[in-house]
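*Asks:*
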Amino acid sequence: MSDLVAPRLRFAPSPTGYLHVGGARTALFNWLLARRTGGTFLLRIEDTDKARSTDDSTRAIFEGLRWLGLDWDEEVVFQGANLPRHQADAAALLARGRAYRCFCTPEEIAERRAAAEAAGGAFAYDRRCDHLPAAEVERRVAAGTPFVVRFRVPAGETAWDDLVHERISFPNKDIDDFVILRSDGTPIYNLAVVSDDIAMRVTLVMRGDDHISNTPKQIMLYEALGAPLPRFAHLPMIHGTDGKKLSKRHGATAVGDYQHLGILAPAMVNFLALLGWSPGGDFEEVMTLDQLVHAFSTDGLLRKASVFDPKKLEWMNGQHLAKLPIHEVEALVAPHFARAGYATVDELSARRDWFHHLLEQLRVRARLVDELVAQAAPYFGETVAYAPDAVAKQWKDPAAVRPLLAAVRETLEAHLDWNPVMMEEAMRALADAKGVGAGKLLQPLRVALVGTAASPGIFDVMVLLGRDRTLRRIAAAEARLAEMAAA
RNA sequence: GGCGGUAUCGUCUAGGGGACUAGGACACAGCCCUCUCAAGGCUGGAACACGGGUUCGAAUCCCGUUACCGCUACCA
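Going by this note's numbering, the first residue of the first sequence is number 1138, and it counts up by one from there.
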């Protein structure tokens, strides 16, 4: 890592779907290293596959990165715009004799491949077009015969010192003379990537380890093009709970899915950072983006694929929800409250002290923003919905509960000073006077106030609700209990 | 099939020859706290894939086996 001085890194997704958690993690590591070392983080959209690339996907990638807080340096590069250079590089390779035209049709290749496989062997292009006399090649080109350009793989071995795997090497004999330019003149992935990485002066290529077998081909291309080699770092994959590559079968796989599920961006980033990387030793797992930047190093990169555990992500989210400065939580969740129809963001900020108090009470009890929003319902509006299970348990004997709640209401009505200490003293005194435990009073009261069996401390609930609304809700509960007793 | 990669609790991981009766976190179970639910604290069960080496000594080094993953396109 000591030789990584201000590296130029890039994240190069193809816009054929939403920003996947695996891609997000790759982007994150590139970004983290760039920010840690004072390097540069570039973004390139690999849209050369026109059939599968969409503008929607491109937008989703931008939005996903922005949501995570991963900002990129310099202008976004669209690979499709570099077609002329890709073709020029292919032509240069042809001119230098490092590549050759191949007139074999896709059908012929497929046939030979099938035959080789039927014979139990592996197919390898036999270089027959490389042996064509120059005059014959000229004749076919002049005649307009379609051709692809193949790279002539030299003899020997191709190896590199991977930042995560150390030395990896491939005997060149196992690598086919791969196509670099299609018959329609467009470049194949490996050529486009190398051409662009050279043009963008990328010095460290950090990507998924599914690219390991592309790497020797790319290294040969760099050498043939006379360009300096970048360093390579191949990150392990992220798998689903069943150990298989993450896919829709595993539920949410796009970062946008988690955003909508109520995961906070800092939690998502924190969770992703710890998949395939570790600061080493004993460390606090809950970290801010800033702490991640300071702790990040390629030394901590792991080789083993990891399993994406949604349970731990939720836990992580709960941790961030509970630890973030309250104003940040407000900014993050207020829009969700607005969407739930409770109040507008402006209305909430107009009652900021109250809202912060509410969030303080709710945030340790929720893991997802959606849960928090759902739990906030009783604090907005006049009425509450009584949950059947809570009613069945705490209002089991309506005839006995009603007078208790009436006594609670009367006691509270006698106090004008609406503070939790006073209320608690009064309630405990009342329980004593009635000869019951505090729970016998407070649990039915909780149902009356929020409609559920679980909530923040009941005295905080009353403060949050306010004196008048609290008293009205108790009265409403008494009425309801009277109906139940009569039924 | 060929080539490449990987292998520590169910999961994320610490570990770089003796400090390992293998540590932490998530999840799970129990207890404490307590007006409920969370949060928090404590406790518990739970792993070095297998077989050979090397060494006085191996989770750590080497080889093999097995399993899993990736690549093997005129996809990226």
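Glycine included, C-beta positions come from ideal geometry on N, C-alpha and C. No experiment lies behind these values; they were computed from the predicted model shown.
May I have a chain-ordered list of the beta strand (DSSP E) segments no shorter than 3 residues that lie completely inside the region 1322-1373?
*Replies:* 1341-1345, 1368-1372
*Asks:* To the nearest angstrom, how far is it from the Cα of Ala-1537 to the Cα of Gly-1603?
*Replies:* Numbered from its first residue, the first sequence carries residue 1537 at position 400. Numbered from its first residue, the first sequence carries residue 1603 at position 466. Answer to the nearest angstrom: the Cα atoms are 26 Å apart.
*Asks:* For the region 1492-1563, which segments carrying the alpha helix (DSSP H) assignment without a break, of at least 4 residues, lie completely within its bounds, in sequence order?
*Replies:* 1506-1513, 1525-1531, 1535-1550
*Asks:* Would you decide whether Phe-1148 is buried or exposed? Buried here means 16 or more other CB atoms lie within 10 Å of its CB.
*Replies:* Residue mapping note: residue 1148 aligns to position 11 of the first sequence, counting from 1. Around the C-beta of Phe-1148, 16 or more other C-beta atoms lie within 10 Å, and the residue is accordingly described as buried.
*Asks:* Would you be able to state if there are at least three C-beta pairs under 8 Å between the region 1426-1437 and the region 1475-1495?
*Replies:* no
*Asks:* Straight-line CA distance for Ala-1551 to Ala-1614?
*Replies:* On the first sequence, residue 1551 is found 414 positions in, with the first residue counted as 1. On the first sequence, residue 1614 is found 477 positions in, with the first residue counted as 1. Rounded to whole angstroms, Ala-1551 to Ala-1614 spans 19 Å at the Cα level.
*Asks:* Ignore the nearest five residues each way along the sequence and tell me which others in Gly-1399's own chain have a CB closer than 8 Å to its CB.
*Replies:* Within the first sequence, the letter at position 262 stands for residue 1399. Excluding sequence neighbours, Gly-1399 sits near Asn-1454, His-1473, Leu-1505, Val-1506, Asp-1507, Glu-1508, Leu-1509, Val-1510.
*Asks:* Could you tell me if Ser-1306 is buried or exposed, where buried requires 16 or more neighbouring beta carbons within 10 angstroms of its beta carbon?
*Replies:* Taking the first sequence and counting its residues from 1, one reaches residue 1306 at position 169. Exposed, by the Cβ-count rule.
*Asks:* Whole angstroms is fine: what's the gap from Leu-1586's alpha carbon to Tyr-1479's?
*Replies:* Translated into the one-based positions of the first sequence, residue 1586 becomes position 449. Translated into the one-based positions of the first sequence, residue 1479 becomes position 342. Straight-line Cα distance between these residues: approximately 17 Å.
*Asks:* Quick check on the DSSP output: the beta strand (DSSP E) that includes Val-1316 runs from which residue to which?
*Replies:* In the first sequence, counting from the first residue as 1, residue 1316 sits at position 179. First-last of the beta strand (DSSP E) with Val-1316: 1316-1318.
*Asks:* Tell me whether Leu-1366 is buried or exposed, calling it buried when 16 or more other Cβ atoms sit within 10 Å of its Cβ.
*Replies:* Taking the first sequence and counting its residues from 1, one reaches residue 1366 at position 229. Burial call: exposed.
*Asks:* Ordered along the chain, which non-local residues of its own chain (more than five positions away) have a Cβ less than 8 Å from that of Phe-1420?
*Replies:* Taking the first sequence and counting its residues from 1, one reaches residue 1420 at position 283. Counting only Cβ-Cβ distances below 8 Å, and skipping sequence neighbours, we find Ala-1432.
*Asks:* Would you identify the three-state DSSP class for Arg-1604, choosing helix, strand or coil?
*Replies:* Taking the first sequence and counting its residues from 1, the one referred to as residue 1604 is at position 467. Helix.
*Asks:* Tell me the rounded alpha-carbon separation between Leu-1227 and Asp-1210.
*Replies:* Locating residue 1227 in the first sequence gives position 90, where the first residue counts as 1. Locating residue 1210 in the first sequence gives position 73, where the first residue counts as 1. The residue asked about is misnamed: residue 1227 is Ala in this sequence, not Leu. Taking the straight line from one Cα to the other gives about 29 Å.
*Asks:* Locate the alpha helix (DSSP H) running through Ser-1434, then write down its first and last residues.
*Replies:* For the purposes of this step, residue 1434 is taken as the residue at position 297 of the first sequence. Counting along the chain, Ser-1434 falls outside any alpha helix (DSSP H), and DSSP gives it neither H nor E.
*Asks:* Taking the C-alpha atoms as reference points, what is the distance between Asn-1351 and Ala-1361?
*Replies:* As a first step, residue 1351 is located in the first sequence; it is residue number 214 there, counting from the start. As a first step, residue 1361 is located in the first sequence; it is residue number 224 there, counting from the start. So the alpha carbons of these two residues sit roughly 16 Å apart.
*Asks:* For the putative contact between Val-1330 and Tyr-1359, defined by C-beta atoms under 8 Å, what is the C-beta separation to the nearest angstrom?
*Replies:* Here residue 1330 is taken as the residue at index 193 of the first sequence, counted from 1. Here residue 1359 is taken as the residue at index 222 of the first sequence, counted from 1. With 8 Å as the limit, Val-1330 and Tyr-1359 do not qualify as a contact, their Cβ atoms being about 10 Å apart.
*Asks:* Between Phe-1260 and the rest of its own chain, which residues show a CB-CB distance below 6 Å, the 5 nearest in sequence each way excluded?
*Replies:* The residue you call residue 1260 lines up with position 123 of the first sequence. Taken in chain order, the residues that qualify are Arg-1250, Ala-1253.
*Asks:* For the beta strand (DSSP E) holding Thr-1195, just list the boundary residues, first then last.
*Replies:* Within the first sequence, numbered from 1, the residue matching residue 1195 stands at position 58. Note, Thr-1195: premise wrong, no beta strand (DSSP E); alpha helix (DSSP H) at 1192-1205.
*Asks:* Along the beta strand (DSSP E) that carries Asp-1299, what are the first and last residues, could you check?
*Replies:* For the purposes of this step, residue 1299 is identified with residue 162 of the first sequence, where counting begins at 1. Asp-1299 -> beta strand (DSSP E) spans 1294-1299.
*Asks:* If distances are taken between C-alpha atoms only, which option among Ile-1349, Leu-1170, Leu-1156, Pro-1557 comes closest to Ile-1182?
*Replies:* As a working note, residue 1182 is residue 45 in the first sequence. Distance check between Ile-1182 and each of Ile-1349, Leu-1170, Leu-1156, Pro-1557 places Leu-1156 closest, using alpha-carbon atoms only.
*Asks:* Since I believe Gly-1393 is in contact with Ala-1590 (beta carbons under 8 Å), could you give me their beta-carbon distance rounded to a whole number of angstroms?
*Replies:* Start at 1 with the first residue of the first sequence, and residue 1590 comes out as number 453. Start at 1 with the first residue of the first sequence, and residue 1393 comes out as number 256. Ala-1590 to Gly-1393, Cβ: 34 Å. No contact.
*Asks:* Taking contact to mean at least 3 C-beta pairs separated by less than 8 Å, is the region 1190-1209 in contact with the region 1228-1248?
*Replies:* no
*Asks:* Buried or exposed: Asp-1311, going by 16 or more other Cβ atoms within 10 Å of its Cβ?
*Replies:* In the first sequence, counting from the first residue as 1, residue 1311 sits at position 174. That one is exposed.
*Asks:* Taking only runs that begin and end inside the region 1243-1294, name each unbroken beta strand (DSSP E) of 3 or more residues, in chain order.
*Replies:* Fully enclosed beta strand (DSSP E) runs of 3 or longer: 1285-1288.
*Asks:* Quick check: what's the CA-CA separation for Gly-1380 versus Ser-1486?
*Replies:* As a working mapping, residue 1380 is identified with position 243 in the first sequence. As a working mapping, residue 1486 is identified with position 349 in the first sequence. Computed Cα separation, rounded: 45 Å.
*Asks:* Excluding the five sequence neighbours on either side, which residues of its own chain have a C-beta within less than 8 Å of the C-beta of Val-1466, listed in chain order?
*Replies:* By 1-based counting over the first sequence, the position of residue 1466 is 329. Hits under 8 Å: Leu-1458, Leu-1496, Arg-1500.
*Asks:* Would you list the one or two residues that DSSP bridges to Ser-1443?
*Replies:* As a working mapping, residue 1443 is identified with position 306 in the first sequence. Partner(s): Ile-1375.
*Asks:* When you compare each of Phe-1240, Pro-1152, Ile-1611 to Asp-1184 by their alpha carbons, which one comes out closest?
*Replies:* Along the first sequence, read from residue 1 onward, the residue named residue 1184 stands at position 47. Nearest of Phe-1240, Pro-1152, Ile-1611 to Asp-1184, Cα basis: Pro-1152.
*Asks:* Take Tyr-1395 and list the residues in its own chain whose beta-carbon comes closer than 7 Å to its own, dropping the five residues that flank it on each side.
*Replies:* Taking the first residue of the first sequence as 1, we reach residue 1395 at position 258. Cβ within range, chain order: Ala-1389, Met-1405.
*Asks:* Taking the C-alpha atoms as reference points, what is the distance between Pro-1243 and Val-1290?
*Replies:* In the first sequence, the residue the question calls residue 1243 occupies position 106. In the first sequence, the residue the question calls residue 1290 occupies position 153. Straight across, the Cα-Cα distance linking Pro-1243 with Val-1290 is about 20 Å.
*Asks:* Please report the straight-line C-alpha distance between Asp-1569 and Pro-1416, rounded to a whole angstrom.
*Replies:* Within the first sequence, residue 1569 is the residue found at index 432, counting from 1. Within the first sequence, residue 1416 is the residue found at index 279, counting from 1. For Asp-1569 and Pro-1416, the distance between alpha carbons rounds to 55 Å.
*Asks:* CB Leu-1542 to CB Leu-1618, shorter than 9 Å?
*Replies:* As a working mapping, residue 1542 is identified with position 405 in the first sequence. As a working mapping, residue 1618 is identified with position 481 in the first sequence. A contact, by the Cβ cut-off of 9 Å.
*Asks:* Within its chain, find whatever has a CB closer than 6 Å to the CB of Arg-1173; leave out the 5 residues flanking it on each side and keep chain order.
*Replies:* As a first step, residue 1173 is located in the first sequence; it is residue number 36 there, counting from the start. Cβ within range, chain order: Val-1430, Phe-1433.
*Asks:* Cutting at 6 Å between CB atoms, please list the residues of its own chain near Ala-1524, excluding the five before and the five after it.
*Replies:* For the purposes of this step, residue 1524 is taken as residue 387 along the first sequence, with counting starting at 1. Closer than 6 Å at the Cβ level, and outside the excluded window around Ala-1524, lie Gly-1588, Thr-1589.
*Asks:* From the DSSP output, which residues share a beta bridge with Ser-1306?
*Replies:* In the first sequence, residue 1306 corresponds to position 169, counting from 1. Secondary-structure assignment with DSSP links Ser-1306 through a beta bridge to Ala-1296.
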